[in-house]
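Participant:
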Amino acid sequence: MESFFSSLNEEYIKKVIYRNREIATADIYEFIDMFFNQTRWQSHFTGVFPTTFRLFERKRLSIKSWEVHLPFLRGLSDMSTKEREDIFKRLGDLSPWHFDHEILPGVRTGSFNRPDYADADFRGVALLDPGHMTKFFQKCAPGGICGKSLLDVACNSGAYCFLAHVFGAKRVLGVDVRQHWIDQAEFVRAIKFPRSTDIEFRRMDIAGYLNLSEERFDITIFKGIFYHLPDPIGVLGRLCDLTKETILVDTDSSDAVPESCLTAIKESKTQVMSGVDGLAWLPGGPAAIRPILEFKGFEFTEVKYWHRQTSPNKRGRFSIVGSRSPITM
Ligand SMILES: C[S@@+](CC[C@H](N)C(=O)[O-])C[C@H]1O[C@@H](n2cnc3c(N)ncnc32)[C@H](O)[C@@H]1O
43 MESFFSSLNE EYIKKVIYRN REIATADIYE FIDMFFNQTR WQSHFTGVFP
93 TTFRLFERKR LSIKSWEVHL PFLRGLSDMS TKEREDIFKR LGDLSPWHFD
143 HEILPGVRTG SFNRPDYADA DFRGVALLDP GHMTKFFQKC APGGICGKSL
193 LDVACNSGAY CFLAHVFGAK RVLGVDVRQH WIDQAEFVRA IKFPRSTDIE
243 FRRMDIAGYL NLSEERFDIT IFKGIFYHLP DPIGVLGRLC DLTKETILVD
293 TDSSDAVPES CLTAIKESKT QVMSGVDGLA WLPGGPAAIR PILEFKGFEF
343 TEVKYWHRQT SPNKRGRFSI VGSRSPITM
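If you use this note's numbering, the sequence shown corresponds to residues 43 to 371, in order.
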């Protein structure tokens, strides 16, 4: 609190001469509210939430020009009723959402999910706040994601791509096999980052993409997809070859097999969160993945977590990061 008031003193009060005490008090209350009312959209910061502003200040992260975010930052109050209704309708039409994007100040995509859908393939979509990847983007390279390129495999509606972009990534590519998710990603981009030229989405099967592309990325995210592929080892190996610095592998696992083994599973080809081939593989644990990363030159590996037997069907989940140079996650 003390440092807050001292920064207030340095950054704010000295620059202003008030005509009387009431105006000064009102202005300072306004300034305090600006920092402590987390739900208020702040024109003072060229329009961002206080949490976002503080994050960039504190972490000294580079951020793209606020200008590219302006339509997002305009806020609901500046929109016509028609504009707002159109956006809300589209958000409903595009549901279910897996990523809970803050699409407009105070408006999150998850609130447009319905409790049920006529089409069974749209049911059971878990909602996820992409903010949990913030730490990864800060640590994935010595200076974080800023200035790096990112490939997000199975990007869904692109939330990690947007987060990386906001943290200063120079190019991001999200690949997902389903039009449903790519439509969401493009919609979010159109609302939040309409002028950005360095975020790209492609609707492609990842194996097909890797057959065609030679593009190398600094950072690769391979999250929520290993256990939906018929040849996850082949895909992972190729991704490693195309990754210059760091790869994140985050996957469901099976507690029914030894840690270093894989077990085959069958899954829906049409459920929106599943793979498209029907055949997939679960690794027993990090020991099934680590040797592949090491073989591909990711000398430094770190298991971020491994939750075992988290569900009755003996599925666990783990996350492992491989890097070509030392980083601490
Ligand atoms: C469980 S979700 C994971 C989404 C996100 N990566 C995450 O970590 O939350 C699986 C995603 O993989 C996509 N997907 C499934 N099979 C794919 C394939 N062969 N190629 C590309 N994307 C695929 C699905 O459409 C879905 O968006």
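No residue lacks a Cβ here, since even glycine has one placed at the ideal position from N, Cα and C. Note that the structure is predicted; figures quoted are calculated from it, not measured.
Examine ligand 1 and report whether any of its heavy atoms sits within less than 7 Å of the Cβ of Asn198.
Facilitator: Indeed, a heavy atom of ligand 1 lies less than 7 Å from the Cβ.
Participant: Ends of the alpha helix (DSSP H) at Trp348?
Facilitator: Unbroken run through Trp348 is the beta strand (DSSP E), Phe342 to His349; no alpha helix (DSSP H).
Participant: For Ser137, which of Trp223, Pro325 and Ile331 has the nearest alpha-carbon?
Facilitator: The candidate whose alpha carbon is nearest that of Ser137 is Trp223.
Participant: According to the neighbour-count rule (16 or more other Cβ atoms, all chains shown, within 10 Å of its Cβ), is Arg231 buried or exposed?
Facilitator: Buried, by the Cβ-count rule.
Participant: Tell me the residue span of the beta strand (DSSP E) that contains Thr287.
Facilitator: It should be pointed out that residue 287 corresponds to Glu in this sequence rather than to Thr. Thr285 to Ser296 is the extent of the beta strand (DSSP E) around Glu287.
Participant: Curious, which full-length beta strand (DSSP E) runs of at least 3 residues does the stretch 156 to 229 contain?
Facilitator: Taking only runs of at least 3 residues, the beta strand (DSSP E) segments lying wholly in the stretch 156 to 229 are 191 to 195 and 213 to 218.
Participant: Gly327 and Glu309 look like a contact to me (Cβ under 8 Å); what is the Cβ gap, rounded to whole Å?
Facilitator: Wrong, their Cβ atoms sit about 20 Å apart, outside the cutoff.
Participant: Is it the case that the Cβ atoms of Arg220 and Asp240 are separated by a distance below 8 Å?
Facilitator: Not a contact, by the Cβ cut-off of 8 Å.
Participant: What is the residue span of the alpha helix (DSSP H) that Ala35 lies within?
Facilitator: Any question about residue 35 goes unanswered here, given that the chain covers just 43 to 371.
Participant: How big is the Cα-Cα spacing for Ala298 and Lys356?
Facilitator: Answer to the nearest angstrom: the Cα atoms are 6 Å apart.
Participant: Does at least one heavy atom of ligand 1 sit under 7 Å from the Cβ of Ile261?
Facilitator: For ligand 1, not one heavy atom lies less than 7 Å from the Cβ of Ile261.
Participant: Mind checking Phe340: buried by the 16 CB within 10 Å criterion, or exposed?
Facilitator: Buried.
Participant: Where does Met371 sit, in a helix, a strand or coil, going by DSSP?
Facilitator: Coil, per DSSP.
Participant: Can you look up Ser316 in the DSSP assignment and give me helix, strand or coil?
Facilitator: Here Ser316 sits in coil by DSSP.
Participant: When DSSP labels each residue in this structure, what does Leu278 get in the three-state scheme?
Facilitator: DSSP places Leu278 in helix when its eight states are reduced to three.
Participant: Would you kindly work out how many angstroms separate the C-alpha atoms of Val345 and Thr151, rounded to a whole number?
Facilitator: Taking the straight line from one Cα to the other gives about 31 Å.
Participant: Strictly by DSSP, which residues pair up with Ser361?
Facilitator: Paired residues: Asp292 and Tyr347.
Participant: Gly358: buried (16+ other C-beta within 10 angstroms of its C-beta) or exposed?
Facilitator: Burial call: buried.
Participant: Does the stretch 246 to 265 come close enough to the stretch 193 to 206 that 3 or more CB-CB pairs lie under 8 Å?
Facilitator: The stretch 193 to 206 vs the stretch 246 to 265: in contact.
Participant: Quick check on the burial criterion: 16 or more other C-beta atoms within 10 angstroms. Buried or exposed for Ser384?
Facilitator: No answer is possible for residue 384: it lies beyond the span of the chain, which begins at 43 and ends at 371.
Participant: In the DSSP assignment, find the unbroken alpha helix (DSSP H) run with Thr123 in it and report its ends.
Facilitator: Its alpha helix (DSSP H) spans residues Thr123 to Asp135.
Participant: Hey, Ile187 and Ile261: beta-carbon distance below 8 Å or not?
Facilitator: Taking 8 Å as the Cβ cut-off, Ile187 and Ile261 qualify as a contacting pair.
Participant: Quick one: measure Cβ to Cβ for Gly200 and Phe243, integer angstroms, because I've assumed they're closer than 8 Å.
Facilitator: Between Phe243 and Gly200 the Cβ distance is about 6 Å, and since that is below 8 Å, they are a contact.
Participant: Is Met371 a contact residue of ligand 1, with contact defined as CB to any heavy atom under 7 Å?
Facilitator: No, since every heavy atom of ligand 1 falls outside the 7 Å radius drawn around the Cβ of Met371.
Participant: Helix, strand or coil for Lys234 per DSSP?
Facilitator: DSSP places Lys234 in helix when its eight states are reduced to three.
Participant: State the Cα-Cα distance for the pair Leu133 and Arg156, rounded to the nearest angstrom.
Facilitator: Taking the straight line from one Cα to the other gives about 11 Å.
Participant: Mapping DSSP to helix, strand and coil, what is Glu242?
Facilitator: Residue state, collapsed to three classes: strand.
Participant: State the CB to CB distance for the pair Ile334 and Leu278, rounded to an integer number of angstroms; the pair is presumed to be in contact (CB under 8 Å).
Facilitator: Right, their Cβ atoms sit about 6 Å apart.
Participant: Look up Phe154 in the DSSP assignment and give the residues it is bridged to.
Facilitator: Answer by DSSP bridge pairing: none, since Phe154 is not bridged.
Participant: Over what stretch of residues does the beta strand (DSSP E) that includes Leu321 continue unbroken?
Facilitator: Unbroken beta strand (DSSP E) run through Leu321: Leu321 to Pro325.
Participant: Heavy atom of ligand 1 less than 7 Å from the Cβ of Trp139, yes or no?
Facilitator: The answer is no for Trp139.
Participant: Within a Cβ cutoff of 7 Å, which residues of the same chain sit near Gln351, ignoring the five residues on either side of it in sequence?
Facilitator: Excluding positions up to five away in sequence, the list reads Asp297 and Gly358.
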